[in-house]
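Asks: Numbering (the working numbering), first residue to last: 1 to 448. Here a beta-carbon is modelled for each residue, glycine too, at the ideal position from N, C-alpha and C.
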DNA sequence: CGCATACGCGCC
DNA sequence: AAACGGCGCGTTTGCG
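#1: Name the DSSP bridge partner or partners of residue 404?
#2: Considering residue 184, what are the terminal residues of the alpha helix (DSSP H) in which it resides?
#3: Could you tell me whether the stretch 8-15 touches the stretch 30-50, where touching means 3 or more Cβ pairs closer than 8 Å?
#4: Taking the C-alpha atoms as reference points, what is the distance between residue 131 and residue 31?
#5: Identify which residue in 56, 53, 346, 377 has its Cα closest to the Cα of residue 421.
#6: Take every Cβ of the stretch 213-230, pair it with every Cβ of the stretch 430-447, and state whether three or more of those distances are shorter than 8 Å.
#7: Residue 439 bridges to which residues according to DSSP?
#8: Whole beta strand (DSSP E) runs in the stretch 322-400 with 3 or more residues, listed along the chain?
#9: Please report the residue range of the alpha helix (DSSP H) in which residue 311 lies.
#10: Whole-angstrom Cβ separation of residue 263 and residue 257, contact assumed at under 8 Å?
#11: Using beta-carbon positions only, say whether residue 203 and residue 153 come within less than 8 Å of one another.
#12: Which residue comes first and which comes last in the beta strand (DSSP E) that contains residue 177?
#13: I believe residue 364 touches residue 328 by the beta-carbon criterion, under 8 Å. Please report the beta-carbon distance rounded to the nearest angstrom.
#14: Please state if the CB of residue 169 and the CB of residue 73 are separated by a distance shorter than 8 Å.
#15: Between the Cα of residue 323 and the Cα atoms of 147, 120, 357, which residue gives the shortest distance?
#16: Since residue 451 and residue 99 should fall inside the 8 Å C-beta cutoff, what is the C-beta to C-beta distance between them, to a whole number of angstroms?
#17: Just the Cα atoms here: how many angstroms apart are residue 140 and residue 121?
#18: Apart from the five residues on each side of it in sequence, which residues of its chain come closer than 6 Å, Cβ to Cβ, to residue 65?
#19: When DSSP labels each residue in this structure, what does residue 153 get in the three-state scheme?
#20: Name the residue from 367, 247, 332 whose alpha carbon lies nearest to the alpha carbon of residue 282.
#21: In its own chain, which residues sit with a C-beta less than 6 Å from the C-beta of residue 362, not counting the 5 before and 5 after it?
#22: Is the CB-CB distance between residue 355 and residue 403 below 8 Å?
#23: Output needed for residue 318: all residues of its chain with C-beta closer than 8 Å, excluding positions within five of it in sequence on either side, in chain order.
#24: Suppose you measure from the CA of residue 27 to the CA of residue 57; what does that come to, to the nearest Å?
#25: Compare the C-alpha of residue 52 against each of 147, 159, 3 and name the closest.
#26: For residue 165, tell me which candidate among 332, 272, 381, 69 has the shortest Cα-Cα distance.
#27: Starting from residue 190, trace the beta strand (DSSP E) both ways and give me its first and last residue.
#28: Measure from the alpha carbon of residue 428 to the alpha carbon of each residue in 385, 413, 390, 375, then state which is nearest.
#29: Quick check: the stretch 75-92 against the stretch 195-202, are at least 3 beta-carbon pairs closer than 8 Å?
#30: Count the other CB atoms within 10 Å of the CB of residue 29; is the residue buried (16 or more) or exposed (fewer)?
#31: Are residue 119 and residue 133 closer than 8 Å when you measure CB to CB?
#32: List the DSSP bridge partners of residue 60.
#33: For a quick check, are the C-beta atoms of residue 159 and residue 207 less than 8 Å apart?
#34: Could you please give the first and the last residue of the uninterrupted alpha helix (DSSP H) stretch that includes residue 81?
#35: Using the C-alpha atoms, what's the distance from residue 305 back to residue 62?
#36: I'd like the list of long-range same chain contacts for residue 96, defined as Cβ closer than 6 Å, with 5 residues on each side in sequence excluded.
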């Protein structure tokens with residue numbers, strides 16, 4: 001079921017998720033070290049039981065509609081052909097649009113589009129990323145077709161073509177979940193990565209539409225609502241945030257009301273949106289610069305809002321400061337389960353690497369506990385499916401995407417299975433606030 | 001030719 | 001120059 005080498009790999013990863021240290025290769029030595037570090041429980045109760053579940057998910061795979069993908073690929077190919085012709089015409093010649101270096105040359109040297117204020121890359125070429133190109137949109141007619149080309153080429157080359165390539169003869173795709181690939185405790189997914197399938201816009205929908213339930217089955221998605229903020233509320237013990245989740249309030253709206261000093265009923269959608277970015281960014285250690293960029297505020301105002309946020313949620317501020325202080329002292333941080341991340345740069349003499357390590361220090365306990373929670377949920381759900389004798393046939397766990405689980409469930413048990421899965425997820429871990437799971441059912445991934 | 005790097009970008 | 005945490009991957013480019 002799980003061999004010794006796999007156990008060794010898991011133990012070494014738990015002891016050193018960033019791969020910085022020389023570690024024993026002997027399992028009993030490693031297990032002894034796990035006990036010394038307080039890591040044996042997550043090894044025994046989370047990582048070991050999870051491994052065979054991930055293997056089974058790979059074996060089952062997720063069905064993709066190959067006929068549909070072929071048609072979509074052809075459509076996108078035609079659109080690309082048209083865009084390439086248009087771009088060459090506007091550029092006055094052919095070049096490799098996929099080469100940022102060549103593109104930079106065409107835009108800023110050949111076409112002489114003004115480059116004042118445009119960032120330079122370390123190679124000396126001007127940046128050509130979406131953000132830069134968007135600024136240039138009104139300066140030259142070539143920009144819009146380039147942006148369209150970029151978007152479509154990305155989707156075709158990263159998703160449509162590889163999914164067709166990697167599907168088996170039954171049209172199922174078998175991603176590998178990597179259990180030892182991250183520094184925080186999250187899983188990653190590769191060959192193909194099914195944790196970064198597009199979701200935004202029409203094109204996102206078109207890709208997700210390709211992931212379909214088998215005949216007689218439906219896809220069911222279950223996602224944790226704001227799991228990271230609930231973890232933050234718990235670890236920081238912030239009374240305002242805890243009460244908000246206990247009362248099932250709209251947390252972004254509440255934050256907006258606090259930082260704008262406005263009553264709840266006066267919160268506009270713009271205010272809520274800025275507050276959402278703030279809530280989101282705080283667990284990453286976002287500064288005024290980054291907040292200004294993503295919110296459209298100027299840096300001074302952005303700083304005011306961040307300061308206001310921290311005075312409204314003072315316990316969050318304190319927890320972050322305490323966590324950084326502890327990291328400096330110990331050289332590592334740990335989440336509530338004892339999962340650790342070592343931060344060798346936390347005491348770096350300059351700010352360059354120290355600041356980076358500080359942000360990692362305040363994020364890992366959040367991201368890493370959320371990761372533990374969904375792993376525990378997967379173990380519980382797998383046990384429930386087994387007990388109901390549904391595993392492998394009636395109900396299959398297919399995908400895990402950080403705060404979301406996706407299943408393929410036979411239609412005749414859907415009504416019974418859905419509340420069971422939700423309940424296992426919501427009761428997987430006891431936080432200071434309830435865990436909430438939203439769910440949706442459909443024929444394909446675009447509609448759930 | 002394979003491999004590493006730079007750049008860019010998809011997701012949570 | 002960058003300035004926000006965690007990933008995987010496609011293409012280009014330069015190097016051995």
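Replies: The relevant details are as follows:
#1: When DSSP reads this structure, residue 404 sits in a beta bridge with 223.
#2: Looking at the DSSP string, residue 184 is not in any alpha helix (DSSP H), and its letter there is neither H nor E.
#3: Contact holds: three or more Cβ-Cβ distances are below 8 Å.
#4: Pairing residue 131 with residue 31, the inter-Cα distance amounts to about 48 Å.
#5: 377
#6: yes
#7: 222
#8: 332-334, 340-342, 395-400
#9: 299-312
#10: Yes, they are in contact, since the Cβ atoms of residue 263 and residue 257 sit about 7 Å apart, within 8 Å.
#11: Between residue 203 and residue 153, the C-beta spacing is not below 8 Å.
#12: Note, residue 177: beta strand (DSSP E), 176-178.
#13: Taking the Cβ atoms as the reference, residue 364 lies roughly 15 Å from residue 328, outside the contact range of under 8 Å.
#14: no
#15: 357
#16: The structure shown does not extend to residue 451, since the chain is modelled only from 1 to 448, so the question has no answer here.
#17: In this structure, the alpha-carbon of residue 140 lies about 22 Å from that of residue 121.
#18: 210, 212
#19: helix
#20: Taking the Cα of residue 282 as reference, the smallest distance to any Cα among 367, 247, 332 is reached at 367.
#21: 285, 320, 323
#22: no
#23: 236
#24: 26 Å
#25: It is 3.
#26: 69
#27: Per DSSP, the unbroken beta strand (DSSP E) holding residue 190 starts and ends at 188-190.
#28: 375
#29: no
#30: exposed
#31: no
#32: Answer is none; residue 60 lacks a bridge partner.
#33: Using a Cβ distance threshold of 8 Å, residue 159 and residue 207 count as a contacting pair.
#34: 66-91
#35: 44 Å
#36: Same-chain partners within the cutoff: 102.
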